[in-house]
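A.B. asks: Quick one: structure below, then a few questions.
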Amino acid sequence: MSMENMSGGTMAESRSEQSQGHISRSAGSPPPPEADETIIGLEVHCQLDTVTKLFCACSTDYRSDGPNTHTCPVCLGLPGALPAINKKAVEFALRVAKALNCEVLFESVFSRKNYFYPDLDKAFQISQYDKPLAVGGYLVIEGEEGEKRVRITRVHMEEDPGRLVHKGGADRARYSLVDYNRAGIPLIEIVTEPDMRSPKEARRFLNKLRATLEYLSVFDSEKEGSLRVDANISLQPEGWFDREKKSYKGRNRVEVKNISSYKGVEKALTFEITRQRNVIRKGQPIEQATRHFVETQGITTASRSKEEEQDYRYFPEPDLCPLRVSSWVERIDLPELPDARRARFIGQYGCSPNHARTLTGDLKLADFYEKVAAQADPVLSATWVADTLIGELNYRDMGIGSVTPSHMIELVTLVKSKVLTDRNAIEVLRTILDGILQKQPAGTPSQVVARLDLGATDSGIIPAAIADVIREQPQAVADYDSGKKEAFMFLIGQVMKKTKGKADPAELNTMLRKALHGRVQ
Amino acid sequence: MVRSRLSFSPDDRVNAFLTTCPEPEYGTGSLEGLTIAIKDNISTKGIRTTAGSRILEGYIPPYDAHVVTLLIAEGAAIAGKTNMDEFGMGTTTENSGYGPTFNPLDKGRVPGGSSGGSAAAIAGGMVRMALGSDTGGSIRCPAAFCGIVGLKPTYGRVSRYGLIAYANSLEQIGPMARTVNETSRLMQVIAGHDPKDSTSVDLPYCHTPDKNIQGRRIGVPEEFFGAGVDPAVAAKVWEAIEELEKKGAEIVTCRMPGMAFALAAYYVTCTSEASSNLARFDGVRYGPAVDTKKSWHDAFQERRGKSFGKEVRRRIMLGTFALSSGYYGKYYAKAQAARQQVKNDFTRLYKDVDVLAGPTMPTIAFRLGEKADPLSMYLSDILTVPANLAGVPAISVPCGTVGGMPVGLQIMGRPFEDEVVIDTAYAYEQAVV
Ligand SMILES: [Zn+2]
């Protein structure tokens, strides 16, 4: 490392500060750590949603079955058993590589990653090492400052290990049980360059990646444990990192392992930034280390340093032939991906860019919207699905799968034809969602409207209600006459009450004003 | 399928069997009612399979190796499991966790290894045929020492599914029998494609040995008669080669310079692969259970230290070292380069000759305990490992005796020309009957 590159400070200063893990700076007090740039890279492991495992014919649909029921000599690692590659898994991985704009290597090789752990049936994991499936791609995300490309370093395939089960909890169990149902599930590991600059960007990358993988029909994010993330994070003085071309010669980076949810990534990284800032503020060095994310507490904890020193003794797996699939990838047709669909939603349905992004950010949501937009006003549908429905679903912790498009079509149509006011339409939606949640179906929107008497009837009842209110509220009317604006709002409210909210607010406004002014005084 | 039973109670005075099946079932087919012994590193459903190791004591596989399925489908009766050097690591069958096998021709000598039990079971008249496995000579060496025939097929010709791995990239299951004809007959049953073994090729073996070798070019590498080869053994083998010449073959001498690195390449490769293959034996799933009162790391280390034999521990440590970061390039990667040189030698020679011939082993069978020094044992593999490094077929056929002990003639062929190797051996065998 050149001292000149690092600072304008003297060599002596540099050396002394460097020994503390600091970047030396030009004279004057160093900027506070808040001014540092956050450098984040991710390693994402996703389970490929194949029917059978990566190297044997066992079913991958193990989650609702008892332990060790989806196993055979191969995935149990019994002596003599041999792996045979699942072509579907390779095809899935190639789809991912292509969608991430990667170059598929002419020849990729499976290697053995050797380490002892009871959940690892063969005491080695079949993975890829120096010759991965694909390298050098990118994924476009919505960055903090507009669209940005996050570069993909590599994409490779590997097998999932089994799982340890601690009866009575990890701390109290006297022994561990091993379940090999998960052993041999195909995984894809996607490694990014350190291109993300905030936890939010990291989360957006993951969301975009998830959407892309689901559009490719190779991944089911709803399956428990289908995604695991390791994140590298370091804080570097502003601009220094880019100048040094992704070098980590500055402050050390920390690898946070064991993150298994989308929200967890943002939480873990946010915690880690605060922790590292505190260390820096105290003038202490950041140690190159592996830390574990404890999801329940939202913190990261130091792991034993021994783990980092692990020598995996990689060597080519002699029981598998090298993969030569670069010509296969050319024959793979990709489906429409999130970016293309977003553009289409804007063009075809007239969605706003924001609505289009939200709607296409999740495959099921996008499919749902298109079903609604096919039979109801597309722009109104976009507002109702992207804003109202998602808000109400999130509030109840429900997924889009719990609502049927026909309900939404009906609801949007009722709003469009002014049978329902926005306010009452929300009421109808809430009633329906609560019904689903409580497993007491509320019926179709029309049925709910009828039952709760929320529909706007002919506007004949409005003049009658206005007449009644003017007669019953002489004081308020007098206040209105004397110029008190609040009195008008009070009177509106009274009419609304009489019409059970069915009156269209704009229409009511005009009619009441007319009625007040048209009085014979 | 109609299944019958026969009774099998061999007079096993040489410790050839680790397990015998007293009343094996058999069916109909080309091997109907033939008792066949299986080396103990080949998985047999319901029959104890230990690979000669204490760490697999009591392990009963829940599945059959592909070759065993094929044998049973052709009506064979599985007679039992034969003794071997632990996990195949040895040239004498003295490294078994269950005591050595003795040579039926001289009980003061070893039967060779590691498929010593299979060879002894045939030579001792207990079974007609047997399966062995050959990683660096483990079929051919005991065949030579016991005076029987043993074929190491071309790599990929016989499925390895169910063979407890020692060195995956080198080893093949192969047939052993009294005669070339019977060896060929057994090969016909076990060869062929198996989708469960990704290195298996789709090339069935359907062949009747043909003794006509008129015009066949036989190369004799000088290195096969170099230092360490007993002159009396060399003389016997030359006699055999001359016999082939009399039957119409053309003999040419040649050089195989890659032999200089063959042993080193072989031992680095096989110990590296073994260190990884044998890591799974941790006392959790098979073998004697670990002490659950101890921590996982302490418990499995103790189990491995106690249950693996000395030679196995030595090779695991060698292989672990060869693969460690910082040494990989120096050892494993270099071994692969040397291996490629050996392959290149064969490719070059096979442009000019059809087969290569020489001794199987540099000497006759060792006396028990003679090869206590591991290095001298490793050196005795020098003539058999080249065929494994190159993946080519190689057979050992008896060619007379020295001091009353058999000598083996080794014939190596082009990849996937196992038939030519069989024919050449058959021509010699028929000439001297
Ligand atoms: Zn399986």
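Residue numbers (the numbering used here), protein chains in the order written: chain A, 1054 to 1574; chain B, 3 to 435.
Just so it is clear, CB atoms sit at the ideal spot from N, CA and C, and this is done for glycine as well.
The structure displayed is predicted, hence computed values, not measured ones.
1. On the three-pair Cβ rule with 8 Å, is the segment 367-377 of chain B touching the segment 106-113 of chain B?
2. Report the partner residues of Ala1435 of chain A according to the DSSP bridge assignment.
3. Tell me whether Arg1476 of chain A is buried or exposed, calling it buried when 16 or more other Cβ atoms sit within 10 Å of its Cβ.
4. By the criterion of Cβ-Cβ separation under 8 Å, what are the contact partners of Ile1312 of chain A in chain B?
5. Give a yes or no on whether the minimum CB-CB distance between Cys1111 of chain A and chain B is below 9 Å.
6. If we count Cβ pairs, one from each stretch, closer than 8 Å, do we get three or more for the segment 244-254 of chain B versus the segment 216-228 of chain B?
7. What is the C-beta distance between Thr1436 of chain A and Ile1479 of chain A, in whole angstroms, given that I count them as a contact (C-beta under 8 Å)?
8. Please report the straight-line C-alpha distance between Arg159 of chain B and Gly311 of chain B, rounded to a whole angstrom.
9. How about Ala167 of chain B: is its C-beta nearer than 9 Å to some C-beta of chain A?
10. Return yes when at least one heavy atom of ligand 1 lies under 8 Å from the C-beta of Lys41 of chain B, else no.
11. Using the three-state DSSP reduction, which class does Phe1541 of chain A fall into: helix, strand or coil?
12. Just to make sure I have the definition right: I need the residues of chain B whose C-beta is within less than 7 Å of the C-beta of Arg1304 of chain A. Which are they?
13. If you measure between the beta carbons of Asp1102 of chain A and Val1271 of chain A, is that distance less than 9 Å?
14. Whose Cβ in chain B lies nearer than 7 Å to the Cβ of Asp1364 of chain A?
15. Taking the DSSP output, what are the residues bridged to Leu1376 of chain A?
16. Do the CB positions of Gly1317 of chain A and Glu1348 of chain A come within less than 9 Å of each other?
17. Please compile the residues from chain D whose C-beta is within a distance smaller than 8 Å of the C-beta of Lys1141 of chain A.
18. Measuring straight from C-alpha to C-alpha, what distance separates Pro1650 of chain A and Asp1487 of chain A?
19. Is the segment 137-152 of chain B in contact with the segment 45-52 of chain B, if contact means three or more CB pairs nearer than 8 Å?
20. Go ahead and pull the three-state DSSP assignment for Ser398 of chain B.
21. Name the chain A residues that come within less than 9 Å of Asn170 of chain B, Cβ to Cβ?
22. The segment 1154-1186 of chain A: which residues have C-beta closer than 9 Å to a C-beta of chain B, in chain order?
23. When every heavy atom of ligand 1 is checked, does at least one fall within less than 8 Å of the C-beta of Thr2 of chain B?
24. Is Arg257 of chain B helix, strand or coil when you go by DSSP?
25. Considering only C-alpha positions, which residue in the set A:Asp1415, A:Arg1257, A:Asn1447, A:Arg1449 is nearest to Glu1319 of chain A?
26. Ile1443 of chain A and Thr1474 of chain A: beta carbons closer than 9 Å?
27. Which two residues bound the contiguous beta strand (DSSP E) that contains Gln1181 of chain A?
28. How long is the line joining the alpha carbons of Glu431 of chain B and Cys1374 of chain A, rounded to whole angstroms?
29. For Val1104 of chain A, is the beta carbon positioned less than 8 Å from some heavy atom of ligand 1?
30. In its own chain, which residues sit with a C-beta less than 7 Å from the C-beta of Phe1541 of chain A, not counting the 5 before and 5 after it?
31. Closer than 8 Å by C-beta to Val1465 of chain A: which residues in its own chain qualify, once you throw out the five before and the five after it? Chain order, please.
32. Around the Cβ of Leu1490 of chain A, are there at least 16 other Cβ atoms within 10 angstroms (buried) or fewer (exposed)?
33. What's the C-alpha gap between Ser1069 of chain A and Gln1329 of chain A?
34. For Tyr428 of chain B, I'd like the list of residues in its chain whose CB is within less than 6 Å of its CB, leaving aside the five on either flank, ordered along the chain.
35. Quick one: Cα of Pro400 of chain B to Cα of Tyr1115 of chain A, how far?
36. Cβ of Cys1111 of chain A within 8 Å of any heavy atom in ligand 1?
C.D. replies: Well, looking at it:
1. Taking a cut-off of 8 Å on C-beta distances, the segment 367-377 of chain B touches the segment 106-113 of chain B, as three or more cross pairs fall below it.
2. The count along the first sequence starts at 1 and reaches residue 1435 of chain A at position 382. Note: Ala1435 of chain A sits in no beta bridge, so no partner.
3. In the first sequence, residue 1476 of chain A corresponds to position 423, counting from 1. Classification of Arg1476 of chain A: exposed, given that the 10 Å Cβ count is below 16.
4. Residue numbering aside, residue 1312 of chain A sits at position 259 when the first sequence is read from its first letter. What Ile1312 of chain A touches in chain B: nothing, since even the nearest Cβ is about 25 Å away.
5. To locate residue 1111 of chain A, count along the first sequence from 1; it is residue 58. False, the Cβ-Cβ gap to chain B never drops below 9 Å.
6. Taking 8 Å as the limit for Cβ pairs, the verdict is that the segment 216-228 of chain B does touch the segment 244-254 of chain B.
7. Numbered from 1 along the first sequence, position 383 holds the residue referred to as residue 1436 of chain A. Numbered from 1 along the first sequence, position 426 holds the residue referred to as residue 1479 of chain A. The C-beta distance from Thr1436 of chain A to Ile1479 of chain A rounds to 12 Å, too long to fall under 8 Å, and the pair is not in contact.
8. Position 157 of the second sequence, counting from 1, holds the residue named residue 159 of chain B. Position 309 of the second sequence, counting from 1, holds the residue named residue 311 of chain B. Across the structure, Arg159 of chain B and Gly311 of chain B are spaced so that their CA atoms are roughly 31 Å apart.
9. Residue mapping note: residue 167 of chain B aligns to position 165 of the second sequence, counting from 1. Flagged as an interface residue toward chain A: Ala167 of chain B, by a C-beta distance shorter than 9 Å.
10. Within the second sequence, numbered from 1, the residue matching residue 41 of chain B stands at position 39. Relative to ligand 1, the beta carbon of Lys41 of chain B is positioned no closer than 8 Å to any heavy atom.
11. Walking along the first sequence from the start, residue 1541 of chain A turns up at place 488. Looking at Phe1541 of chain A - three-state DSSP - the assignment turns out to be helix.
12. Residue numbering aside, residue 1304 of chain A sits at position 251 when the first sequence is read from its first letter. Here the premise fails: no neighbours, minimum Cβ distance about 25 Å.
13. Counted from its first residue, the first sequence places residue 1102 of chain A at position 49. Counted from its first residue, the first sequence places residue 1271 of chain A at position 218. Pairing Asp1102 of chain A with Val1271 of chain A gives a Cβ-Cβ distance under 9 Å.
14. For the purposes of this step, residue 1364 of chain A is taken as the residue at position 311 of the first sequence. The contact set of Asp1364 of chain A on chain B, defined by CB atoms closer than 7 Å, consists of Ser326, Ser327 in chain order.
15. Taking the first residue of the first sequence as position 1, residue 1376 of chain A is located at position 323. DSSP lists A:Ser1161 as partners of Leu1376 of chain A.
16. Walking along the first sequence from the start, residue 1317 of chain A turns up at place 264. Walking along the first sequence from the start, residue 1348 of chain A turns up at place 295. Yes, these two residues count as a Cβ contact at 9 Å.
17. Of the protein chains in the structure, A and B, none is chain D.
18. Chain A is shown from 1054 up to 1574; residue 1650 of chain A falls before or after that span and cannot be answered.
19. No: the two stretches stay apart, fewer than three of their Cβ pairs being nearer than 8 Å.
20. As a first step, residue 398 of chain B must be located in the second sequence, where it is residue number 396. Residue state, collapsed to three classes: strand.
21. As a working note, residue 170 of chain B is residue 168 in the second sequence. Taking a Cβ-Cβ cut-off of 9 Å, the neighbours of Asn170 of chain B in chain A comprise Leu1135, Glu1370, Pro1371, Asp1372, given in sequence order.
22. Within the segment 1154-1186 of chain A, contact with chain B at the beta-carbon level (separation under 9 Å) is assigned to Arg1165, Asn1167, Tyr1168, Phe1169, Tyr1170, Pro1171, Leu1173, Asp1174, Lys1175, Ala1176, Phe1177.
23. Summary: the structure shown does not reach residue 2 of chain B, with chain B confined to residues 3 through 435, and so no result is reported for it.
24. If you number the second sequence from 1, residue 257 of chain B lands on position 255. The three-state secondary structure of Arg257 of chain B, taken from DSSP, is coil.
25. Indexing the first sequence from 1 puts residue 1319 of chain A at position 266. Selection A:Asp1415, A:Arg1257, A:Asn1447, A:Arg1449 evaluated against Glu1319 of chain A yields A:Arg1257 as nearest (Cα-Cα).
26. The residue given as residue 1443 of chain A occupies position 390 in the first sequence. The residue given as residue 1474 of chain A occupies position 421 in the first sequence. Between Ile1443 of chain A and Thr1474 of chain A, the gap from beta carbon to beta carbon reaches 9 Å or more.
27. On the first sequence, position 128 is the one that residue 1181 of chain A refers to. Residues 1177-1181.
28. Stepping through the second sequence from its first residue, residue 431 of chain B is reached at position 429. Stepping through the first sequence from its first residue, residue 1374 of chain A is reached at position 321. The alpha-carbon atoms of Glu431 of chain B and Cys1374 of chain A are separated by roughly 38 Å.
29. Residue mapping note: residue 1104 of chain A aligns to position 51 of the first sequence, counting from 1. No, the beta carbon of Val1104 of chain A sits no closer than 8 Å to any heavy atom of ligand 1.
30. For the purposes of this step, residue 1541 of chain A is identified with residue 488 of the first sequence, where counting begins at 1. So the qualifying residues of the chain are Tyr1533.
31. Numbered from 1 along the first sequence, position 412 holds the residue referred to as residue 1465 of chain A. Here the set comprises Val1425, Ala1429, Asp1430, Leu1433, Ser1434, Trp1437.
32. In the first sequence, residue 1490 of chain A corresponds to position 437, counting from 1. Of the residues assessed, Leu1490 of chain A falls on the exposed side of the cut-off, its CB having fewer than 16 other CB atoms within 10 angstroms.
33. The residue given as residue 1069 of chain A occupies position 16 in the first sequence. The residue given as residue 1329 of chain A occupies position 276 in the first sequence. The pLDDT assigned to Ser1069 of chain A is 36, lower than 50, so where the model puts this residue is not dependable, and the model offers no usable value.
34. Within the second sequence, the letter at position 426 stands for residue 428 of chain B. Around Tyr428 of chain B: Val182, Pro211, Lys213.
35. Looking up residue 400 of chain B in the second sequence gives position 398. Looking up residue 1115 of chain A in the first sequence gives position 62. A direct Cα-to-Cα measurement between Pro400 of chain B and Tyr1115 of chain A gives close to 55 Å.
36. For this step, residue 1111 of chain A is matched to residue 58 along the first sequence. Checking the Cβ of Cys1111 of chain A against ligand 1 gives yes.
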